[in-house]
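**Student:** In our numbering, the protein residues as written are 6 to 306. We treat Cβ as the ideally placed atom computed from N, Cα and C, and that holds for glycine. Here it is: the structure, laid out below.
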Ligand code: NCD
């Protein structure tokens, strides 16, 4: 990924936002959506994007497919190659999209691979920050743009992908807050150190909230824990819960993001705060995924 590609994708997403009539650029094209894990937003936004572009979508969930009969990922992908122009896939295992891509003749779009990556969410998150704040880093202000990541940073794939994209920008700084044992993976912090971007870990929300320009909250990824690990996700979320009282200390220009679904990390009475943009993020996601599909399927960037 490069800044040039990112900029083109954002420009194309912007154009789609302003379309009044549906397009037919995907007429005759089919997206196959393969989900080995639950999804609300990613699945619906890819489908919505495809519909808006005049194409179609085939949705297949693990529970209703031959995967239940023991079919391998490779054979499933070879089969779906016969139906679609691209495959969007979500899978519980890190690295599974690479395995899928190695046997596929059509592009594989990673819609989340275990606690690995979630690149299209990262693209829509970048688009959200850019649209809401007008810029990402750069000539932001005298201080760097500070992005605060909080929650389960070890297992949140959306964070892993977003932080890699943010590394393409200058004048930014990362702040981390997570429950003990759920810190950002060292392969990511080492990558950021090599690039030379400032990153700090803090232990109290009150230290970080007043200086953050973007707050990116995530839920405890319960499904990634070993069944023998006795975790109490609710208690962990309460350690960094965002409330209206806490937001009194935040900058008026700050934006609060969350990939959703939310559990207890943001109380619902925060939703009416204009700085809470997590529901707007969903809408940005549809335009960004339209731009992504145009790029991947129609080679139109
Ligand atoms: C995220 C995911 O699946 O990683 N959801 C999403 O795609 N918007 C976040 C999560 O499940 O916590």
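Measure how close the beta-carbons of residue 160 and residue 187 come, nearest whole angstrom, since I'm counting them as under 8 Å.
**Tutor:** Position 155 of the chain shown holds residue 160. Position 182 of the chain shown holds residue 187. About 7 Å separates the two Cβ atoms, so the contact holds.
**Student:** Quick check: is any heavy atom of ligand 1 less than 7 Å from the C-beta of residue 248?
**Tutor:** Taking the first residue of the chain shown as 1, we reach residue 248 at position 243. Residue 248 Cβ: outside cutoff for every heavy atom of ligand 1.
**Student:** Is residue 60 buried or exposed, if buried means 16 or more other CB atoms sit within 10 Å of its CB?
**Tutor:** For the purposes of this step, residue 60 is identified with residue 55 of the chain shown, where counting begins at 1. Label assigned to residue 60: buried.
**Student:** Considering just the uninterrupted stretch of the alpha helix (DSSP H) at residue 86, what are its terminal residues?
**Tutor:** Numbered from 1 along the chain shown, position 81 holds the residue referred to as residue 86. Element bounds for residue 86: n/a, residue is neither H nor E.
**Student:** Can you determine whether any heavy atom of ligand 2 sits closer than 7 Å to the C-beta of residue 52, and answer yes or no?
**Tutor:** Questions concerning ligand 2 fall outside what the structure shown contains, since the ligands it does hold are ligand 1.
**Student:** Along the chain, where does the beta strand (DSSP E) that runs through residue 105 open and close?
**Tutor:** Here residue 105 refers to the residue found at position 100 when the chain shown is read from its first residue. Unbroken run through residue 105 is the alpha helix (DSSP H), 101 to 108; no beta strand (DSSP E).
**Student:** From this set, 228, 285, 252, which residue's C-alpha is nearest residue 42's C-alpha?
**Tutor:** Locating residue 42 in the chain shown gives position 37, where the first residue counts as 1. The shortest Cα separation from residue 42 among 228, 285, 252 belongs to 228.
**Student:** Just tell me which of 58, 295, 151 has its CA closest to the CA of residue 5.
**Tutor:** Here the chain has residues from 6 to 306 only, and residue 5 is not among them.
**Student:** Going by the C-beta, is residue 165 closer than 7 Å to any heavy atom of ligand 1?
**Tutor:** To locate residue 165, count along the chain shown from 1; it is residue 160. Residue 165: no, Cβ never under 7 Å from ligand 1.
**Student:** Relative to the C-alpha of residue 256, which candidate in 287, 281, 276 has its C-alpha closest?
**Tutor:** The residue labelled residue 256 in the question sits at position 251 within the chain shown. Comparing Cα-Cα distances from residue 256 to each of 287, 281, 276, the minimum goes to 281.
**Student:** Any chance the region 85 to 103 sits against the region 126 to 138, with 3 or more Cβ pairs inside 8 Å?
**Tutor:** These segments do not touch.
**Student:** Count the other CB atoms, across all protein chains shown, that sit within 10 Å of the CB of residue 195; report buried if there are 16 or more and exposed otherwise.
**Tutor:** For the purposes of this step, residue 195 is taken as residue 190 along the chain shown, with counting starting at 1. Residue 195 should be labelled exposed.
**Student:** Per DSSP, which residues does residue 94 bridge with? Please list them.
**Tutor:** The residue labelled residue 94 in the question sits at position 89 within the chain shown. 39, 115.
**Student:** Cβ of residue 47 within 7 Å of any heavy atom in ligand 1?
**Tutor:** Reading the chain shown from its first residue, position 42 is the one you call residue 47. Yes, the beta carbon of residue 47 sits closer than 7 Å to at least one heavy atom of ligand 1.
**Student:** I need the boundaries of the beta strand (DSSP E) containing residue 222, first residue and last residue.
**Tutor:** If you number the chain shown from 1, residue 222 lands on position 217. That run of the beta strand (DSSP E) goes 219 to 222.
**Student:** Which residue from 141, 124, 139, 199 puts its Cα closest to that of residue 165?
**Tutor:** Mapped onto the chain shown, residue 165 falls at position 160. Among 141, 124, 139, 199, the Cα nearest to that of residue 165 belongs to 124.
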